[in-house]
Amino acid sequence: MSDKEVLLTIRDLRIEGRADEEWLEIVKGVDLTLHKGEVLGLIGESGAGKSTIGLAAMGFARDGCRISGGTIDFDGIDLRSASEAKRRGLRGKRIAYVAQSAAASFNPAHKLIDQYSEAPVQHGVMSRGEANNDAVELYGKMQLPNPDEIGFRYPHQVSGGQLQRAMTAMAMACRPDLIIFDEPTTALDVTTQIEVLSAIRDIVEQFDTAAIYITHDLAVVAQMADKIKVLLKGEEVEEADTRTMLNAPTQDYTKSLWAVRSHARPEQPPIEAGTTPVVSVKGVTAGYGTLDVLKNINFDIHARRTVAVVGESGSGKSTTARVITGLLPPREGEIQFNGQTLPADYRNRTKDQLRQAQMIYQMADTALNPKQKLRELIGRPAQMYLGLNGKALEERVRNLLDLIELEPDDYIDRLPSELSGGQKQRIGIARALAAEPQFIICDEVTSALDQLVAEGILKLLDKLQAEFDLAYMFITHDLATVKSIADEVVVMKEGVVVEQGPKSEMFQPPHDPYTELLLSSVPEMDPDWLDKLLEERAAGGAGAAVEGAGN
Amino acid sequence: MSHILTMIAQRLALGLVTLFVVSLIIFLGTELLPGDFAQEILGQSATPETVAALREQLGLNDPMHIRYLGWLTDIVQGDFGESLANGQSVAGLIGGRLVRTLQLASYAAAIAVPLSLVLGILAALFRNSFFDRFANASALSSISFPEFFVAYILIFLLAGANGAFPSTAINISRGDPNFTEYLHVAFLPALTLTLVVTAHMMRMTRAAIINLLSSPYIEMARLKGMSPMRIIVKHALPNALAPIINVVALNLAYLITGVVVVEVVFVYPGLGQLMVDSVAARDMPVVQGVALIFAGAYVLLNLTADVLATLSNPRLVHRR
Amino acid sequence: MGFLTGLLWLAAAIIAAMAAGWLFRTAAVAVTPRGVSKELKTAPLTASFGMLMIIIYILVAFLAPVIAPFSETEVVGPEFMFPGDDPAFVLGTDNLGRDMLSRMIYAARNTVGIAFVTTALAFIIGSVLGLLAAIVGGWLDQLLSRTVDVLMAIPALIFALLLLTIVGTSIINMILVIAVIDSTRVFRLARAVAMNIVVMDYVEAAKLRGEGLWRLITREILPNAMAPLVAEFGLRFCFVFLTISALSFLGLGIQPPTADWGAMVKDTATMITFGNVTPLLPAAAIALLTVSVNFVVDWQLHRASGLKE
Amino acid sequence: MTQLTNMTSPSRRGVLKGATAIGAAALVTPWGTPLRAQPVSGGTLRVGMAHGSTTDALDPGSWEADFMIFQAHTRNNYLTEIAADGSLVPELAESWEASADAATWTFTLRSGVEFHSGHILTADDVIASINHHRGEDSTSAAAPIVADITDMTADGMNVVFTLSAGNADFPFVLSDYHLPILPAQADGTIDPNTQDGCGPFRIAEIEFGVGARYERHEGYWKEGLPYFDAIEQVVIFDDAARQNALISGDVDYIDTADLNTVHLLERAPGIEILSVTGTQHYGLPMDTRAAPFDDVNVRMALKFGINRQQLVDTILNGYGSLGNDHPIGPGQRYFNTELEQREYDPDRVQFHLREAGMESLDVDIHLADAAFAGALDAGVLFAESASAGGINLNVVREPNDGYWSNVWMQKPFAGTYWGGRPTEDWMFATAYAEGVPWNETYWSNDRFNELLVSARAELDEDLRREQYFEMQQIVSDEGGIIIPMFAAYVGAYSDRLAHPEQIASNWRNDGHRIGERWWFAS
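Just so you know, the sequences run in chain order G, S, B and U.
If you count the first sequence from 1, position 247 lands on 246 in numbering that gives the first Met the number 0, and the numbers rise without skipping.
If you count the second sequence from 1, position 176 lands on 175 in numbering that gives the first Met the number 0, and the numbers rise without skipping.
If you count the third sequence from 1, position 64 lands on 63 in numbering that gives the first Met the number 0, and the numbers rise without skipping.
If you count the fourth sequence from 1, position 161 lands on 160 in numbering that gives the first Met the number 0, and the numbers rise without skipping.
Next up, the structure:
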């Protein structure tokens, strides 16, 4: 690779971000060299400064950030000293960007093809007609269905995986020398992720475009990058070519990243026959309007057991949770709690019934009232259900903060905005615990978190389960998580339970075809994994179902 | 598109109900006012005998519900009735004034809407700059002056002996001016109204746009190398249209229904004065007629706003 | 020339205002406790100026009897004296020969007080109902929303005129009537804002916890709906002045001899057509307060929006 | 909201002998006084008026606002006319004759008077026009003033009126603006909505509450009149707008100038101010049945507590004169010149309060600017001055809307204004006699009521004067109304207009007859 011409050189890059009117350094002297046609993977946890560096490669800093030091040289142009107009001239034309969420990054008001042709037309690369024809061609290359027609749709009419491919096509519109991919598949289901990854890899190779591929997922970056740079808190940990990095990392931090998936829950003894499950979902059919989202769902959850409900978006996992909590009364069937039928609507449940079933949400950001301090967030259920007040309440809150491993004195008067993502999720847990429930629904609680952090949360949940005899229903799309935490697994697809049983059975063949597809789509830390998988599927394996799995 | 037509039909039906309730409220409200038509029209010269005779003659002695039902029966057949005061048909009384009210509202809107959009867009583009704050402060100042006072200041500055514009719109009631004459004569009233409504629309435009600037698709547009102006106009504005359209509709409704003070100051014969006079005289058929027109204008403008806001949102036009 | 001089004066006024704002901010940062001063440091000059002005208005309102040279109602001199005619009357006298300056000072008390109470009431009514409609939904939402639709379809001024004539003019009635009419506007905004908040997980969590309606509204939704409501408060506050002066144009409004800026503008407004600046004084007092309030509101809104620039 | 009739000082000459009056007046011109300059014909007079409503109507019984009263005199003629000097002169009636008991009146009509429609005036027109206001089911505001007529008969060009009782002032009644002569229809009634008339101008166009346009009536019977070719009348409510319209030349004449700024208007180039004082007066009536106003000492305390000069200076800006708590103006025939002018006197206030057994007095006064222009300010000044004598007067602001039905004669202490009546008898009988509908103070005084009846029939000039003097004394000292000021009619006009030397003071706008009395100077 190094025999090729150097395209991008970054030296001693320093970027500051503003917090409370003070400037803090968030990127602390990073160097980076990228040759033409080369793909660099940037990995690190949130807060490592990956995206910020990626954007800085375009001479761009987000609002509230500023590039405070170092040089950025793109093909002989000093991006720091260049005029804004000159930088604008490069963006979209010679350096393009593919954002994490295509759904949010496409302008909802314009058709895809108009957004495609905007950059080439505005930068004077092509006429509008040429750009439109080009779009169709690239859509085809990106393996989008109906390439002639799909551009004339609005973003909301196109599925997430397709949008992400359309965005990659859009980035390619001016045939840039460099593309920044900022976590392009993070928001996608595993089965969709594969298509997008392969499409991106093909097109980058085809046009010999250099790329910076930003992600927190090691297995993904292993498929995409020629070389990998590991970042931690705005500083480089190490850089090496992909295979070297995977096989022989030199730094402890890197090694710890590589070793993440170590948590495994010990096998639980089988449930004695005749034990009354804590929660029992019996023949539930439910939906919105006339549409049935759930069809005849049945499963039990016992004390001290974790049931993982797995499926891709739209499979009905969260709807099941809504039925159990009483937010969505089922059309048919019922929910039993310790053998007692619960009123279908939460408004008809007693305070104690409400207390017994708690929920932890996926997005801690929206699940915690941003205007309440932890004292109130955590204390409220205790106050409400257990009648604690004054000193007793304060004591309880401190106790709960201890349980979730946050220093009470330091945190009790903080607002959610003053916490990190993992800490917020811990608060969600503490809030659920405060009610002293028997049963907790965990809705994708780790999917928005970095792996190390997620690991910590899972451990904590395990510990708490043992301590308080809790029953968990664990909703997730991530099979790795299932492996590490579940006792039993329920696989759902399009509102139906496809397969269910103890974890040990589920991860052993033979599988239901859908379960098979899910399992095989989980990226592995092998640079050749994607190639092999695609080959297998081309040969007529489980890949036949891939297209149907898109949302 | 059929769901939009359904929405329009539903909203029109709802609008009819609104009109009905408005007419009921106005009727009851006017009934509750102290004094009735006979007393008010005779004023200080009322004697018990003449008041009684007038009531008898106009049927004001009938119970309230009979009179309301009578009016309702007529209105359903499209008959607005006649003024109690001078027997002129309400439709005739309203007709000419409605046209003039609409003319003035359109004139003011033709200045105010583009002006506030442009100012709002510029303020969003140069946000927190001197221009932004100055435009904001000026707009706020202009709406903190009462309308009649704004009118007087404009008259003082732009009309009078050597001013460029007439101080009153008397010439409009003197005869039908042609288009350019109209623009000249009605300039000051239109400008006054413009100053009154611009601030609200401008601030909303600015806020609606700025609200979107942290969206990922705006960042995307910036990363595609688009100019700030293009980002605001092509990327932010289309998505900010719904709240802007809404506030524009509210202000247009105000231009039609709320301009009695400007009418008075500029001697502009519009509906507002008719409404105030009729309320003062308890001339129920006219009050009801004008109230219906006002409520109707409000309902229609709101409906139009909602339809436009829907049309501006591809998610609502092109369902999956 | 006249235009240029005007421009110069304007520039001087702006510079003076900003300087005052800067001085105020510096002083305020120095004397306030750490938490507050940290917030204050973030205030732009416009907002500092706005805060300074609001404080001055409040001081003037509270200290009116102390600082006013004459009483609110006493006839102290010949009518229509111009500023400068007599050093005793700094701003001249009004149409009855009362001291303009004293009236202006007392009016701060009445006008600001009434406008504030009215706006606050409108917000309490409008936002509680709006939040209620959003959170309860269903028939209650339909009922409230349709009612508000109907009320808004009636021109506000004419509606106010009707209601005030029915219930009689007194300060209390006026405050109630304007507040009720204004609350329809607040309702729409509050409902729209709350609609976005009620779908948040933390509201769902609170509902599932079994929280009562009142607590949902006051603790979960309202604090998060404050920013847009506060922004609207700034504008509504100013519209209340206008409504009061428009009502006095129609012969309703604040009782004489109570001094009130809106009515003072109305009483002397005709003078402006002869180039006499008397009515500009109360009008400017309203405008300055409005602009100041909105500067502060804009700052708070900007902070709340989290848009960092 | 305006008065039924407004007229002044029908002067010196005995009204009974109407025919002689013509003879005297005819020496100058029959309908005016000596002219300042030779009138010129032509031009369109544009008039801006402060009052006029979209609820106005053509029916003469409903006329109330100045807009319609001006229209009335521009389009119509009346049987009698009050000349600019205040004397009663003939118009459509050439002469009139009364029986000895003044209960039967014979009016001889002018012959050959042509209506705009070409119709020629007959006695039937007169009977039909007056009948329109009579009868049980009359809705006319003028019903009370024609209630005394029991019968009317036509005899060629004579009309004989029979009254229920003698009324020496009857010819004055027929000049009332509600009583224009309109053409009779075949069934012997008038069409109240007709636009026909026999006045100097015909209606070309009229839109209520907005304006009207009149064109010269070529067949007008008054020789050489009118001078203008056409008149445009526009309603301009707003004081500033009206004055601006005059200054900028959009109108030539405005009927009302804002008293707050009239001194500024006066300085404007080419603008003249027109001010006449007549019988228009502002009052503050108290309900004499209600405590504390049932005590004459309380009433006196309040009368002494008001600073009349201050009100005239401030509220009227000097355009008016002091009132003496009775409704008779200084220009009237029997104005009591011997009555001492009441002055502001806090000591007397206290004296009368003590007499009433009070230390201090707390009362509410209910006012709105609908009562009279500046009523609220007047109330404020009254409260200020009264406080020195120990009266705490609280001014309650009432809405303009509905003032006359809701506040006036409903609240015990309010405001009022009267355009006045051309004769003392008419004024007293309208608002001071016991039990009459507009006795706004619910006042009753035996001696006064006695005098009212005897003075009406009294033919001896000196005795009559004596009786009216005493009545004024009684009203002033014991009556329930404070009348602090007589207000001038203040208008303004462009100096391109010219007018006769003497301007009528019975009404605004030269008795609302500027249409036929004024002309353009060049």
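Glycine included, every Cβ here is placed at the ideal spot set by N, Cα and C.
Residue range of the beta strand (DSSP E) that includes residue i
i: Ser493 of chain U; result: 480–493
i: Val232 of chain S; result: Looking at the DSSP string, Val232 of chain S is not in any beta strand (DSSP E), and its letter there is neither H nor E.
i: Met48 of chain U; result: 43–48
i: Gly500 of chain G; result: 495–501
i: Asp72 of chain G; result: 64–73
i: His34 of chain G; result: 21–34
i: Ile180 of chain U; result: Here Ile180 of chain U belongs to no beta strand (DSSP E), and DSSP marks it neither H nor E.
i: Glu204 of chain U; result: 200–206
Cβ distance (whole Å) where residue i is taken to contact residue j below 8 Å
i: Ala102 of chain U; j: Leu162 of chain U; result: 5 Å
i: Thr8 of chain G; j: Asp113 of chain G; result: Not really, about 35 Å apart at Cβ, beyond 8 Å.
i: Leu23 of chain S; j: Ile165 of chain B; result: Not a contact, Cβ separation roughly 15 Å.
i: Arg425 of chain G; j: Ile403 of chain G; result: 4 Å
i: Pro268 of chain S; j: Ile171 of chain S; result: 7 Å
i: Thr267 of chain B; j: Thr277 of chain B; result: 5 Å
Spatially closest choice to residue i from the options, by CA coordinates
i: Trp104 of chain U; options: U:Gln70, U:Asn505, U:Ala167, U:Leu57; result: U:Ala167
i: Val264 of chain B; options: B:Ile253, B:Phe273, B:Thr272, B:Pro281; result: B:Pro281
Residue i (DSSP reduced to helix, strand or coil)
i: Asp133 of chain G; result: helix
i: Ser311 of chain S; result: coil
i: Gly95 of chain S; result: helix
i: Glu78 of chain B; result: coil
i: Lys206 of chain B; result: helix
i: Lys265 of chain B; result: helix
i: Leu3 of chain U; result: Low local confidence applies: a pLDDT of 31 at Leu3 of chain U is under 50, so the model's placement there is unreliable, and no value is given.
i: Asp400 of chain U; result: coil
Contacting residues, own chain, Cβ-Cβ under 6 Å from residue i (five flanking each side not counted)
i: Ala548 of chain G; result: Low per-residue confidence applies at Ala548 of chain G: pLDDT is 38, beneath 50, and the placement is therefore not dependable enough to give any value.
i: Glu231 of chain B; result: Leu188
i: Phe186 of chain B; result: Gly125, Leu128, Gly129, Val147
Beta-carbon proximity list for residue i, same chain, < 8 Å, skipping 5 on both sides
i: Ala356 of chain G; result: Val278, Ile323, Thr324, Phe336, Pro436, Gln437, Phe438, Ile439, Ile440
i: Pro509 of chain G; result: none
i: Ser314 of chain G; result: Met491, Lys492, Glu493, Gly494
i: Leu18 of chain S; result: Leu291, Ala294, Gly295, Val298
Contact set for residue i: own chain, Cβ-Cβ below 7 Å, skip 5 residues either direction
i: Gly187 of chain U; result: Asp123, Ala127
i: Ala205 of chain B; result: Leu215, Glu219
i: Val195 of chain G; result: Gly160, Gln163, Arg164, Pro183, Thr184, Leu187
The alpha helix (DSSP H) enclosing residue i, as first and last residue numbers
i: Ser101 of chain B; result: 99–106
i: Tyr216 of chain S; result: 215–222
i: Ala381 of chain G; result: 373–385
i: Lys458 of chain G; result: 450–467
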